[in-house]
């Protein structure tokens with residue numbers, strides 16, 4: 021059996037609890053020894069529920085413990101880079117939820133701190149660890165479909181987040197499409213260089229009043245001339261819609277949604293099946309576990325994580341370009357952003 | 021049994037012979053009494069093969085026959101509007117292959133002539149008559165998927181046409197994407213108002229040398245704020261790729277390719293099925309028959325055809341906007357074109 | 021163009037009209053010159069509807085015409101062998117609907133007459149000409165799935181026939197399962213040697229009162245040790261259910277039902293598609309045309325038809341064995357039947 | 021958090037280790053405190069690998085520990101009933117792998133002991149906990165498909181077990197089909213009353229020399245007149261093949277195999293996907309976890325387990341009837357067995 025790795029969770033909101041539960045119950049070799057949250061009650065209830073021995077409100081307490089080797093940062097986005105730098109200084113390996121930050125300067129400081137400390141650093145793009153998306157990447161990387169020409173990413177949520185969340189989310193591109201920007205870059209081995217974005221408020225006028233969009237289409241160009249199209253919507257009646265298709269010179273590969281079962285029911289009126297998974301936590305159960313396993317493996321073997329700080333920076337740049345494209349109704353080069 | 025309608029075929033190339041064969045063998049109530057082609061041998065062999073009683077090189081011979089009620093124009097595009105006007109003057113109903121023309125002025129003259137003569141006029145957008153595309157339209161029109169938000173059209177050929185054809189084709193937008201522009205307009209009941217096009221030469225450098233592209237992505241905006249994305253490629257390794265998906269406020273509908281059989285074969289290595297239909301004639305066999313039946317029905321009942329001259333004009337305008345968008349790398353409003 | 025073959029239709033009921041319409045409108049090279057039916061009105065209306073020049077009540081009138089080369093027998097089953105023998109004597113090629121007869125002695129006389137006359141003789145097992153079933157046969161015959169071990173045939177009707185028909189049908193095995201017995205023999209190249217049948221009245225008690233069953237399962241053994249299972253029901257809520265799966269040493273092949281379209285609709289409640297074809301005429305449109313083309317080709321090239329009299333005898337023997345198995349609740353060897 | 025339940029594992033072979041690993045790593049609230057195996061090395065390595073604090077060779081050591089509430093019996097079949105009785109006497113809840121035994125007298129003694137002790141007893145029919153099979157059961161139980169008429173179960177292994185295992189397995193019906201007998205009974209709420217079995221040696225002659233079959237078809241009749249057909253083979257080239265279809269008066273429901281991913285790859289030659297899961301441990305990962313959760317829940321809430329001793333007895337009776345049917349080539353009533 022692998023020696024256990026002691027971890028601290030920083031931030032005990034929805035995603036923090038998810039990672040904590042996985043690390044406690046489904047990732048052998050992980051030991052969560054402390055959880056902190058700015059809200060004392062939140063840290064406490066998380067610790068109680070999962071049997072985590074220590075909790076607190078100050079993440080510095082985690083960094084101060086010499087027995088903790090790694091931290092999982094799930095606090096609000098604007099606190100990420102500060103914690104990353106402190107954790108790097110304390111020599112802790114870092115798993116950080118996406119996005120690293122919404123400011124490129126701060127992202128660069130964090131990446132520099134990570135490099136200097138020589139720690140393992142991984143960004144939470146969990147979809148990369150899903151067997152379906154991995155199969156697509158393998159097909160592209162191995163040449164099964166030849167040279168990729170056209171990528172098509174569909175990504176729709178079952179329902180929009182609360183309007184208070186929308187207001188501080190940084191906008192749909194940084195909050196939602198960022199996963200798809202990462203996917204577009206993950207699937208094709210050529211830098212994305214240009215973005216054209218268009219969008220509308222079609223689901224809920226309140227989202228528009230909050231200054232955001234809920235339905236967008238983004239067209240990306242890779243340096244090698246390939247294109248990617250991303251279709252997003254904050255609300256799909258039938259549930260969580262996450263599909264990808266890559267078309268290349270020798271063929272194409274596509275993946276469908278995941279379903280709670282594969283039963284086909286034939287009735288007097290329709291041939292039908294149950295809806296796909298409705299919620300991202302159910303849909304991506306296994307990929308959240310797999311990304312933590314990968315993080316622990318990287319620590320154990322002293323190797324680079326599969327989603328580096330540099331990987332985490334790219335989608336932020338694309339999101340910024342998408343925002344500018346939308347505002348100006350013209351294609352925007354990534355080189356304009358920085 | 022319905023009384024027969026006498027027809028003349030003008031142009032005995034590939035598509036002309038297809039229509040002639042369907043009208044002779046698979047469309048009850050149609051009687052092809054003459055075929056003409058600028059190439060005498062072509063008209064003659066078509067007549068011989070199908071048992072058409074008369075043939076010639078001058079389409080005027082068809083128009084001069086009082087027993088002929090309708091003509092099917094399959095001659096080269098640049099001859100279309102001239103023949104349409106002559107046929108209208110002769111009081112013949114007209115079925116014309118797409119595109120009507122590549123010049124909007126000439127298209128408008130043809131449409132005016134059609135209106136003045138009060139004849140039935142139908143443009144050859146056969147895909148509208150395919151059961152799959154019709155099911156999508158029904159779903160959209162009936163509200164089964166609510167308000168449409170995002171349309172996605174995939175349209176790829178099994179292999180590029182001969183390079184001599186590419187040179188005179190008018191470019192990929194007018195030759196190939198035009199079907200998809202029509203489909204985008206057919207599926208959603210709101211005018212298309214803006215186009216952003218991007219493209220590349222990825223299949224064959226000779227196509228680029230001929231001044232054309234072989235791989236394009238076009239983003240369309242409807243007046244109602246919905247979007248459509250079209251992905252085209254002149255070559256798909258796996259055959260003829262024709263799919264559509266429409267996403268709306270209450271759901272989504274998508275169609276797959278058509279296959280010669282639906283057998284699933286499980287072997288030591290893969291679970292697999294035979295390739296989809298490779299060729300448009302095989303794929304759209306039934307829709308070519310159905311469009312002719314619709315044309316004859318319109319004549320019999322004196323009603324407007326399901327694909328009018330105005331319908332045929334729209335995709336030409338969009339194709340022109342797409343070309344301009346590509347040249348300028350910016351979105352182009354259809355109102356800029358005319 | 022192939023020279024036309026002149027045909028006479030004997031029997032203008034539902035299936036007779038179907039063949040007549042196909043031969044008139046969709047099979048190039050066929051010319052229906054006469055139709056007869058014991059019911060004068062039936063022959064007359066069929067002739068009028070399809071423009072067949074002659075009609076009558078006596079099939080002998082067809083056999084007497086020297087310009088007629090072939091006949092299509094669609095009269096009641098108990099008249100088949102008499103007409104076959106008369107047609108053979110008159111030197112007419114014969115297409116006969118299934119079953120040839122329900123008496124093996126009469127079948128053997130008819131086969132002997134056919135052989136003596138040297139005519140082309142084909143039995144109406146149209147499913148053999150369906151692209152899906154053909155793909156399965158190809159997979160088995162070519163070794164794609166290795167040695168076949170287990171065949172599974174599902175065959176269910178959308179609704180039971182009228183009870184008056186049930187009374188004279190000869191029972192479900194001779195009327196309905198006979199298609200599946202033929203399919204079982206068609207797919208695997210080894211004689212069927214034993215039958216075990218079980219069944220029940222589950223759809224309509226009136227069927228039981230008429231001395232028949234409506235829901236049966238039949239287990240067949242081939243000489244080579246492989247097995248086939250047939251599941252029949254007179255009523256499937258979702259329509260016409262016709263599927264096959266063959267499992268062999270190197271893999272398996274299965275086919276699904278045919279659908280009027282392949283659209284997938286995702287809604288708030290289900291992911292669903294329209295029902296499969298409901299009616300055998302719609303489901304097997306193309307196979308009815310293909311079997312006639314095959315019949316004409318056999319005549320033209322003077323070769324054996326793809327469904328010989330011997331082929332047509334086998335399913336009758338199996339049906340008899342199935343009936344005896346059901347009555348005795350034990351497996352019955354075909355050698356017990358004759 | 022639920023209070024932990026202390027468990028002992030009896031038998032550390034493949035399936036014992038599987039349950040041990042699940043209980044240690046993936047079933048919150050379970051605590052494996054001891055493992056025994058007749059082979060000391062096996063118990064020891066299992067304990068070491070999973071961090072189980074105690075191990076031994078005598079299962080009595082488990083039963084003697086007052087802190088252990090439940091045992092998981094994974095020892096050879098012929099030891100099951102002895103251990104069950106001892107465990108019941110010791111007041112331990114019992115999870116026992118299938119089959120309980122191959123002797124009905126011993127099974128009845130074990131069931132009596134369980135009843136007397138009032139313990140929770142569960143048999144290891146894990147497939148009942150699979151989401152696909154559960155969806156089928158729900159459809160049947162809820163009336164979604166009306167009255168069930170015909171059940172079809174396909175169950176094929178990727179490759180036969182070692183020949184030494186075959187020799188002591190009790191025969192294919194008791195070793196392999198037993199899962200399907202349980203499934204047939206699980207899906208339809210009416211007792212199975214008659215069995216007709218047929219089979220052959222088609223995969224490996226050595227299996228025949230060992231007195232067993234490798235390819236069987238079994239036809240079951242329910243008391244309510246419905247039927248079930250089971251198709252088994254010890255070797256499917258494409259992997260683990262586990263499918264079910266139930267046809268009823270109002271519709272039908274069917275489930276497909278499970279796949280490691282749902283990617284569809286279109287190439288020059290085929291449209292294809294990766295093979296289904298090859299191995300039962302991978303295919304049924306989640307159902308093994310779910311059955312243990314159900315066992316723990318039954319203990320916690322003092323309720324009857326979802327797979328009782330009586331449930332475990334039925335498939336053994338059916339297997340015996342199937343064996344007799346095969347030997348006598350006639351249908352066998354379950355009432356003949358006992």
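Protein chains in written order, with the working numbering: chain Y, 21 to 358; chain X, 21 to 358; chain V, 21 to 358; chain U, 21 to 358.
Just so it is clear, CB atoms sit at the ideal spot from N, CA and C, and this is done for glycine as well.
Cβ-heavy atom distance between residue 58 of chain V and the ligand MG below 6 Å? For the ligand MG, the structure offers nothing, since it holds no ligand at all.
For a cutoff of 7 Å on Cβ pairs, would you count residue 257 of chain X as touching chain U? yes
Do you know how far the Cα of residue 136 of chain X is from the Cα of residue 359 of chain X? Nothing about residue 359 of chain X can be read from this structure; chain X reaches only from 21 to 358.
What in chain V is Cβ-close to residue 145 of chain U, meaning under 8 Å? Within chain V, no residue comes near residue 145 of chain U; the closest Cβ sits about 24 Å away, beyond 8 Å.
Is there a Cβ from chain X that is less than 7 Å from the Cβ of residue 163 of chain Y? no
I'd like the list of long-range same chain contacts for residue 56 of chain U, defined as Cβ closer than 8 Å, with 5 residues on each side in sequence excluded. 28, 29, 30, 31, 32, 63, 75, 76, 77, 78, 79, 81, 82
Given a cut-off of 7 Å on the beta-carbon distance, is the pair residue 165 of chain U and residue 270 of chain U in contact? yes
Is there a C-beta anywhere in chain U that falls below 7 Å from the one on residue 96 of chain V? no
Are residue 149 of chain V and residue 310 of chain V touching if we call contact CB-CB under 7 Å? yes
Answer yes or no: do residue 299 of chain Y and residue 169 of chain Y have a C-beta to C-beta separation smaller than 7 Å? no
Does the beta carbon of residue 176 of chain U sit closer than 7 Å to a beta carbon anywhere in chain X? no
One question on the structure: do residue 117 of chain Y and residue 144 of chain Y come within less than 7 Å of each other, judged by their Cβ atoms? yes
Taking Cβ-Cβ distances shorter than 7 Å, what residues in chain U pair up with residue 11 of chain X? Summary: the structure shown does not reach residue 11 of chain X, with chain X confined to residues 21 through 358, and so no result is reported for it.
Listed by chain order, chain X residues near residue 253 of chain Y by CB distance under 8 Å: 169, 170, 267
Can you pull the chain Y neighbours of residue 101 of chain V, defined as C-beta to C-beta under 8 Å? Near residue 101 of chain V there are no residues of chain Y at all, since even the closest Cβ is about 40 Å away, more than 8 Å.
Name, please, each residue of chain U whose Cβ falls closer than 9 Å to the Cβ of residue 111 of chain Y. By Cβ distance, chain U contributes nothing, its closest Cβ being about 28 Å from residue 111 of chain Y, past 9 Å.
Identity of the residue in U:234, U:213, U:91, U:295 nearest residue 193 of chain U by Cα: U:234
Suppose you measure from the CA of residue 41 of chain U to the CA of residue 73 of chain Y; what does that come to, to the nearest Å? 24 Å
Near-chain U residues of the region 288-308 of chain X - C-beta to any C-beta below 8 Å: 288, 289, 290, 291, 292, 293, 294, 295, 296
Proximity of residue 240 of chain X and residue 248 of chain X at Cβ, strictly below 7 Å: yes
Reference residue 242 of chain U; option with closest CA among U:100, U:167, U:325: U:167
What is the DSSP secondary structure of residue 61 of chain Y, reduced to helix, strand or coil? helix
With three or more beta-carbon pairs closer than 8 Å as the criterion, would you say the region 211-220 of chain Y touches the region 331-347 of chain Y? yes
Short CB-CB distance (under 7 Å) between residue 349 of chain Y and chain X: yes
Looking at residue 307 of chain U and residue 152 of chain U, is the spacing between their C-beta atoms short of 7 Å? no
Given residue 142 of chain U, which residues of its chain have a CB within under 6 Å of its CB, disregarding the five upstream and five downstream residues? 115, 315, 325, 327
Euclidean distance between Cα positions of residue 191 of chain V and residue 173 of chain V: 19 Å
Beta-bridge pairing of residue 189 of chain U - partner residues as DSSP gives them: According to DSSP, residue 189 of chain U bridges with nothing at all.
Expressed to the nearest angstrom, what Euclidean distance is found between the alpha-carbon atoms of residue 252 of chain U and residue 274 of chain X? 37 Å
Assign residue 197 of chain U to buried or exposed, taking buried as 16 or more other Cβ atoms, counted over all protein chains shown, within 10 Å of its Cβ. buried
With 9 Å as the C-beta to C-beta threshold (strictly closer), list the residues of the region 190-202 of chain V near chain X in chain order. none
Contact criterion: CB-CB distance below 7 Å. Does residue 49 of chain U meet it with respect to chain Y? no
Could you name the residues of the region 132-156 of chain X whose beta carbon sits closer than 7 Å to any beta carbon of chain V, in the order they occur along the chain? 151, 152, 155, 156
Spatial distance of residue 353 of chain X from residue 171 of chain X (CA atoms): 19 Å
For the alpha helix (DSSP H) holding residue 293 of chain X, just list the boundary residues, first then last. Segment 291-293 is the beta strand (DSSP E) holding residue 293 of chain X; no alpha helix (DSSP H) there.
Following the continuous alpha helix (DSSP H) through residue 206 of chain V, name the residue where it begins and the one where it ends. 198-207
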